[in-house]
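Take a look at the structure below.
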Amino acid sequence: MTTTRPVQRWAFGMLLALVAVSLGVSGAPAPLYALYAQEWGFAPLTTTIVFAVYAVAALAAVLVTGSISDRYGRRPVLMVAALLILAGLGLFMAADSVVWLLGARILHGLGVGAVVVVASAALLDLRPDEGDRTGRITGVVFNSGIAVVLVAVSLIVDRGPAPTVLPYAILAGIVAVLLLGLLVMREPHTEERAVRLHVARPRVPREIAAHFRFSALGVMASWSVLGVLLSLYPRIASEAIGATSVLFGGAVVAASAAASALSQAVGARWPARTSAIVGDFGTAASLVLCVPAVAWGHAWGIAAASTLVGLFFGLAFGGSLRHLTQHVPSAHRGEVMSAFYVLAYSAMAVPTVLAGWAATIWTPRTIFAPFMVTVAVACTAAAVMGLRSRAEQRAAEVEAPVAVAS
Numbered sequence: 296m297t298t299t300r301p302v303q304r305w306a307f308g309m310l311l312a313l314v315a316v317s318l319g320v321s322g323a324p325a326p327l328y329a330l331y332a333q334e335w336g337f338a339p340l341t342t343t344i345v346f347a348v349y350a351v352a353a354l355a356a357v358l359v360t361g362s363i364s365d366r367y368g369r370r371p372v373l374m375v376a377a378l379l380i381l382a383g384l385g386l387f388m389a390a391d392s393v394v395w396l397l398g399a400r401i402l403h404g405l406g407v408g409a410v411v412v413v414a415s416a417a418l419l420d421l422r423p424d425e426g427d428r429t430g431r432i433t434g435v436v437f438n439s440g441i442a443v444v445l446v447a448v449s450l451i452v453d454r455g456p457a458p459t460v461l462p463y464a465i466l467a468g469i470v471a472v473l474l475l476g477l478l479v480m481r482e483p484h485t486e487e488r489a490v491r492l493h494v495a496r497p498r499v500p501r502e503i504a505a506h507f508r509f510s511a512l513g514v515m516a517s518w519s520v521l522g523v524l525l526s527l528y529p530r531i532a533s534e535a536i537g538a539t540s541v542l543f544g545g546a547v548v549a550a551s552a553a554a555s556a557l558s559q560a561v562g563a564r565w566p567a568r569t570s571a572i573v574g575d576f577g578t579a580a581s582l583v584l585c586v587p588a589v590a591w592g593h594a595w596g597i598a599a600a601s602t603l604v605g606l607f608f609g610l611a612f613g614g615s616l617r618h619l620t621q622h623v624p625s626a627h628r629g630e631v632m633s634a635f636y637v638l639a640y641s642a643m644a645v646p647t648v649l650a651g652w653a654a655t656i657w658t659p660r661t662i663f664a665p666f667m668v669t670v671a672v673a674c675t676a677a678a679v680m681g682l683r684s685r686a687e688q689r690a691a692e693v694e695a696p697v698a699v700a701s
């Protein structure tokens, strides 16, 4: 049974802010990994493991939180997620060894993973007839949050006091304010609740299976490069130009995230499927361009190539997300979004750990080229499969009237 209550117009914006800050928190340690490694003397593999435990914890969160929020509501799950993020920030501020970093990243994976899934479902609850627009805005907010936080953290680390404490303290204050907003927000999920809890699986209602396969394929291809961009790439970029501070490495990743947000906003004028296919092809090409840019050690070349990666990544991810949100049944929003992000986080975690292992045997710059080329091949394959599925859909649409007439 659906109940009607006065609309809290600010709730939509507050949830978007929560998503932005949460994704910012997920990327906040990226400029600091080189500092931690230098201070505590750990190898690139450790850096990627610290990042990967975040992805694994987020994966666990998206497996269960969609179902929990379908059963008990979005608001209580989001409140717990915000508390987990605050606890993780506290661990970062007190960290004096890798163990603390691992604990903080696990808490952040659980919290951010829950926010990504449950807030996405809550936004659709608030505006159920605007699935395409909501998906577009969500994708823009994801990358905007990462970009803003990366720039701010890099500046604080490079020029401010207490570089391993102050960024997390500022973020904790913002999250605390958003938690107060959740306390006074009314529950957005007022439709009939799910009757049982279960671990969400990467499967969806049969009627949208084809749409889900296409969207999941696109997000897996695009997210496979995210882990390395947020763990090893700031160090690789800085070393390539001989920089002694973290500002350049953080700035190029932030530029990539900002470009991604921009392209998702502009690409919304295109059909979602077209945007995803163009994004996959473009991501493949721009990843290959990063290889000579890093090899030559030219700052502007690295910045330009990284920005191109972000532009096309935004089209690929945004197009895939918009295509899915156009077809999600209201009764299964939490489960479908869980399945979507399960595949996304899996695609992000596994290549990151493999790259970290390879960088321990060789060096980060040595493994950079083969990694980027491998991901470029995966993106190309996703684009080709997208073209094939579009051709099959058009053929089916042409055949359908013929079958009716006969």
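So the sequence shown is numbered by the numbering used here: it starts at 296 and just counts up by one. Glycine is no exception: its CB is placed at the ideal position from the N, C-alpha and C atoms. Predicted model only: the values in this text are computed from it and were never measured.
| Asked | Found |
| --- | --- |
| DSSP three-state call for Leu313: helix, strand or coil? | helix |
| Helix, strand or coil for Thr298, going by three-state DSSP, please let me know. | Any reading at Thr298 must be qualified, since the residue scores a pLDDT of 47, below 50, and its modelled position is unreliable; the value itself is stated next. Correct three-state label for Thr298: coil. |
| Could you pull the start and end residues of the alpha helix (DSSP H) that Asp420 belongs to? | Val393 to Leu421 |
| Please classify Ile451 as buried or exposed, where buried requires at least 16 neighbouring CB atoms within 10 angstroms. | buried |
| Going straight from the alpha carbon of Trp595 to that of Ser321, what length do you get? | 26 Å |
| Assuming contact is defined by CB atoms lying nearer than 8 Å, are Gln559 and Arg431 in contact in what I supplied? | yes |
| By the 10 Å Cβ neighbour count, where 16 or more other Cβ atoms means buried, how is Arg683 classified, buried or exposed? | exposed |
| Are the Cβ atoms of Gly406 and Ala377 separated by less than 8 Å? | yes |
| Helix, strand or coil for Pro462, going by three-state DSSP, please let me know. | helix |
| From this set, Ala467, Pro529 and Tyr349, which residue's C-alpha is nearest Leu402's C-alpha? | Tyr349 |
| Could you check whether the Cβ of Ala399 sits closer than 7 Å to any heavy atom belonging to the ligand ZN? | With respect to the ligand ZN, the structure offers nothing, as it holds no ligand at all. |
| So the alpha helix (DSSP H) Pro371 belongs to, where does it begin and stop? | Arg369 to Ala389 |
| Going by alpha carbons, who is nearest to Leu512 out of Tyr528, Val541, Leu461 and Arg568? | Arg568 |
| How big is the Cα-Cα spacing for Ala588 and Val393? | 32 Å |
| Rank Leu525, Leu619, Gly562 and Leu461 by C-alpha distance to the C-alpha of His506 and give the top, closest one. | Leu619 |
| By Cβ distance, which residues of its chain are closer than 7 Å to Ala389, with the 5 residues on each side in sequence left out? | Trp395 |
| Taking the C-alpha atoms as reference points, what is the distance between Ser364 and Val631? | 12 Å |
| Which term fits Ala464, buried or exposed, when burial requires 16 or more other beta carbons within 10 angstroms of its beta carbon? | exposed |
| In or out: Ala639 buried (at least 16 other Cβ within 10 Å) or exposed? | buried |
| Can the beta-carbon of Ala329 be found closer than 8 Å to that of Pro462? | no |
| DSSP on Ala306, reduced to helix/strand/coil? | helix |
| Near Thr572, what residues of its chain come up, given a Cβ to Cβ distance below 7 Å and the 5 sequence neighbours on each side ignored? | Note that residue 572 corresponds to Ile in the displayed sequence, not to Thr. Cβ within range, chain order: Ala678, Gly681 and Leu682. |
| What three-state label does DSSP hand Val541 in the structure shown? | coil |
| Hey, Ser533 and Gly544: beta-carbon distance below 8 Å or not? | yes |
| Suppose you measure from the CA of Arg304 to the CA of Trp591; what does that come to, to the nearest Å? | 51 Å |
| Apply the 10 Å Cβ neighbour rule to Gly468 and answer buried if 16 or more other Cβ atoms are within range, or exposed otherwise. | exposed |
| Considering only their Cβ atoms, is the gap separating Val413 from Ala315 smaller than 8 Å? | no |
| Please classify Ala563: does DSSP put it in a helix, a strand, or coil? | coil |
| Around the C-beta of Arg617, are 16 or more other C-beta atoms found within 10 angstroms, so that it is buried, or is it exposed? | buried |
| Under a three-way DSSP split, which group does Ser701 fall into? | Reliability fails at Ser701, whose pLDDT of 48 lies under 50, so the model's placement of it is uncertain and the value that follows must be treated cautiously. Of the three classes helix, strand and coil, the one that applies to Ser701 here is coil, per DSSP. |
| Ile531 and Phe663 - do their beta-carbons sit closer together than 8 Å? | yes |
| What is the C-beta distance between Ser633 and Val357, in whole angstroms, given that I count them as a contact (C-beta under 8 Å)? | 5 Å |
| In whole angstroms, what is the alpha-carbon distance linking Leu473 and Arg508? | 34 Å |
| I need the boundaries of the alpha helix (DSSP H) containing Met515, first residue and last residue. | Ala504 to Trp518 |
| Can you tell me which of the three DSSP states Arg683 falls into? | helix |
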